[in-house]
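Participant: Structure in structure tokens, see below.
Residue numbers (this note's numbering), protein chains in the order written: chain L, 1 to 308; chain B, 1001 to 1308.
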């Protein structure tokens, strides 16, 4: 289903547009930032964390957000979900917030020094269930030929300069895979094009671990990733943030992706090779169920339990 | 002076806009490509080379350009320069062509597989003379903390995902410099944020060289860069495309930047250290003069001559 409305700079307007100037720095230079969120029954999951991350991205690019950006966005989302019919008790929506540096007619990379009003847009779509078979079969990934540099000061910012990610998704599609996995220039696991990656494995001390690339692996610190690290502790999986290799992934018992909108999705192949036994595992299913319950506003998983 | 008009998808429209959809992939994801050109007296310099490079960028991102894109752009530029008063015999204009993958309302990184009309926009500005002192003093550069990966398949494409470049220009401004210089992850010279870099030096065999980073140093193959390599041969400077280091730059007799719009500009400092004697050199002045003459449509420099 295609959105009929969009929220732009304070107003709900028809999705058909036009809404923006060709001079908008977002269009000209990918000079912007964004967030992707989920709302069940009109209730936005972890809005405060997303607004905080948006502010971090804005600071990184020296984009001046209005002081009341959090309230503006909360109000805009409420308004947009209502007119799109995505605020009802059963509604499930994905939301995108996009902020660009704004529009000015001077040419060049360097922003004018005068105060420029950023462009702020909100879009909403209904969340569709995963395509048939994704949960049962698990996603197949390919490693992207684009490598990520952990020392890039923008590596952890969610900018709209996403051509690398579009390219990686095209690589995945050409290979018949559902998503691409980025490696760092050192060959470590980084993240998928719009999700963090986790693996479940038994460590040398025979403890089951929930492992994910550390923050210095050129990843976006996902809100669902943070939640999962806490979840691991609660359910009896030792959370580990570290340096992981494709070999670690292949040798894992289970692997999954995590993102705000799609939630937890099993991963069963990288570059055609099976991960573990090549089938989605029980921890992945439980993580998905528990996260979906959390998103619905239900209590988090209770006491830790082991699969052993 | 700010443009009063812009050309969008076949029509000259007021620059005030709005022109574009929030759903445009250029705004959402930096999923687009661009070219920057110069026109003296209404005559576009090397339009065919820019259109060819646009096509290379489009192929790299799998953006389907219309078959007659060259004629469309030539017509659009003509039309826009005329209404902007930039087509007269004395006019000097910079032109930007921006093409995004287009607009569709589905969410996500992966482009829809159906044919989507790319968004094509043309902007024009009058070319201003370099700021006071730039030619006499030379530009000061800082090396950017953003490193470029020569193995990135997008490194040589001119995409609109330019946040890295905006960031580098902000780094330069904070340091009181005019531009930033990218190094590769291996520490080699790459390019400035919107210009190639050249240095003039005496080689071990006592021949004067015009050296610039090779194509495998994560550079955009500039049209002015190509012209300069030919110019070097004509004027008696041995053209060299190679792997150069910041040390090579510091030790050079002269250095300059080259770009379509700004032409040739002297560079005299990197990270606060003088290049050569810290003053613009005679080869730089001659390169600038000869390129400006070429852009005006005059004959290229005549027989080689040496400064020795």
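Beta carbons are placed, not taken as given, at the ideal position from N, Cα and C, and that holds for glycine. All values derive from a computational prediction rather than experimental measurement.
For residue 1103 of chain B, I'd like the list of residues in its chain whose CB is within less than 6 Å of its CB, leaving aside the five on either flank, ordered along the chain.
Facilitator: 1021, 1023 and 1024
Participant: Can you look up residue 1303 of chain B in the DSSP assignment and give me helix, strand or coil?
Facilitator: Legend: pLDDT at residue 1303 of chain B = 45, less than 50; position of this residue unreliable, value from coordinates given subsequently. In this structure, DSSP gives residue 1303 of chain B a state outside helix and strand, which the three-state scheme calls coil.
Participant: If the criterion is Cβ atoms closer than 8 Å, does the pair residue 1182 of chain B and residue 1190 of chain B meet it?
Facilitator: yes
Participant: Within 10 angstroms of its Cβ, does residue 2 of chain L collect 16 or more other Cβ (buried), or is it exposed?
Facilitator: exposed
Participant: Do the segment 1072-1091 of chain B and the segment 1106-1118 of chain B touch if we need at least three Cβ pairs shorter than 8 Å?
Facilitator: no
Participant: For the beta strand (DSSP E) containing residue 239 of chain L, list its first residue and its last residue.
Facilitator: 238-242
Participant: Please check the pair residue 1168 of chain B and residue 1193 of chain B, which I expect to be a contact at CB under 8 Å, by giving their CB distance rounded to whole angstroms.
Facilitator: Contact between residue 1168 of chain B and residue 1193 of chain B holds, since their C-beta atoms are separated by about 5 Å, short of 8 Å.
Participant: Can you tell which of B/1174, B/1015, B/1209 and B/1139 has its C-alpha closest to the C-alpha of residue 1230 of chain B?
Facilitator: B/1209
Participant: For residue 75 of chain L, does the three-state DSSP call read helix, strand or coil?
Facilitator: Helix.
Participant: As an exercise, report each continuous beta strand (DSSP E) stretch of at least 3 residues that is fully enclosed by the segment 38-115 of chain L, in chain order.
Facilitator: DSSP runs (the beta strand (DSSP E)) wholly in the segment 38-115 of chain L: 92-100.
Participant: Counting only Cβ pairs nearer than 9 Å, list the residues of chain B close to residue 277 of chain L.
Facilitator: Near residue 277 of chain L there are no residues of chain B at all, since even the closest Cβ is about 28 Å away, more than 9 Å.
Participant: Just how far apart, CA to CA, sit residue 246 of chain L and residue 76 of chain L?
Facilitator: 42 Å
Participant: Starting from residue 1184 of chain B, find everything on chain L with Cβ-Cβ shorter than 9 Å and list it in chain order.
Facilitator: Going along chain L, no residue has its Cβ under 9 Å from residue 1184 of chain B, so there is no contact; the nearest lies around 10 Å.
Participant: In chain L, what lies closer than 8 Å to residue 1019 of chain B by C-beta?
Facilitator: 18, 20, 21 and 22
Participant: Can you tell me whether residue 1230 of chain B is helix, strand or coil according to DSSP?
Facilitator: Residue 1230 of chain B: helix per DSSP, three-state reduction.
Participant: Tell whether a beta-carbon distance below 8 Å holds between residue 1139 of chain B and residue 1178 of chain B.
Facilitator: yes
Participant: Quick one: which chain B residues come within Cβ less than 8 Å of residue 2 of chain L?
Facilitator: 1105 and 1106
Participant: Any C-beta of chain L within less than 9 Å: which residues of the segment 1054-1076 of chain B qualify?
Facilitator: 1060, 1061 and 1062
Participant: If we define contact as Cβ-Cβ less than 8 Å, is residue 1038 of chain B a contact residue for chain L?
Facilitator: Answer no: the Cβ-Cβ gap between residue 1038 of chain B and chain L never drops below 8 Å.
Participant: Taking any Cβ of chain B, which residues in the segment 186-212 of chain L have a Cβ under 9 Å from it, in chain order?
Facilitator: Residues passing the 9 Å Cβ filter: 193 and 194.
Participant: Of all Cβ atoms in chain B, is any one closer than 8 Å to the Cβ of residue 215 of chain L?
Facilitator: no
Participant: When the distance is taken between beta carbons, is residue 161 of chain L closer than 8 Å to residue 1030 of chain B?
Facilitator: Between residue 1030 of chain B and residue 161 of chain L, the C-beta gap is smaller than 8 Å, which places the two residues in contact.
Participant: Which residues in chain L have a C-beta closer than 7 Å to the C-beta of residue 1026 of chain B? List them in chain order.
Facilitator: 27
Participant: Do you know offhand how far residue 259 of chain L's Cα is from residue 1222 of chain B's?
Facilitator: 39 Å
Participant: Residues of the segment 224-250 of chain L with a CB closer than 8 Å to any CB of chain B: list them in chain order, please.
Facilitator: none
Participant: Among residues of its own chain, excluding the 5 on either side of residue 212 of chain L, which ones have a beta-carbon nearer than 7 Å to its beta-carbon?
Facilitator: 196, 197, 198, 225 and 241
Participant: Taking contact to mean at least 3 C-beta pairs separated by less than 8 Å, is the segment 57-73 of chain L in contact with the segment 280-295 of chain L?
Facilitator: no
Participant: Quick check: the Cα distance between residue 1239 of chain B and residue 1227 of chain B, rounded to an integer number of angstroms?
Facilitator: 11 Å
Participant: Can you pull out the residues from the segment 84-98 of chain L whose beta carbon lies closer than 9 Å to at least one beta carbon of chain B?
Facilitator: 94, 96 and 98
Participant: Can you list the residues of chain L that residue 1170 of chain B reaches, using a CB-CB cut of under 7 Å?
Facilitator: 62
Participant: By the criterion of Cβ-Cβ separation under 7 Å, what are the contact partners of residue 1173 of chain B in chain L?
Facilitator: 110
Participant: By DSSP, does residue 1149 of chain B sit in helix, in strand, or in coil?
Facilitator: Coil, per DSSP.
Participant: Give me the Cβ distance between residue 1060 of chain B and residue 1154 of chain B, rounded to the nearest whole Å; I'm assuming they're in contact under 8 Å.
Facilitator: A Cβ-Cβ separation of about 7 Å places residue 1060 of chain B in contact with residue 1154 of chain B under the 8 Å criterion.
Participant: Which one of L/128, L/32 and L/277 has the shortest CA to CA distance from residue 263 of chain L?
Facilitator: Across the set L/128, L/32 and L/277, the C-alpha of L/128 shows the shortest separation from the C-alpha of residue 263 of chain L.
Participant: Step through the CB atoms of chain B and report whether any lies within less than 8 Å of the CB of residue 260 of chain L.
Facilitator: Answer no: the Cβ-Cβ gap between residue 260 of chain L and chain B never drops below 8 Å.
Participant: I'd like to know if residue 309 of chain L contacts chain B, where contact means its C-beta is closer than 8 Å to some C-beta of that chain.
Facilitator: The structure shown does not extend to residue 309 of chain L, since chain L spans only 1 to 308, so no value can be given for it.
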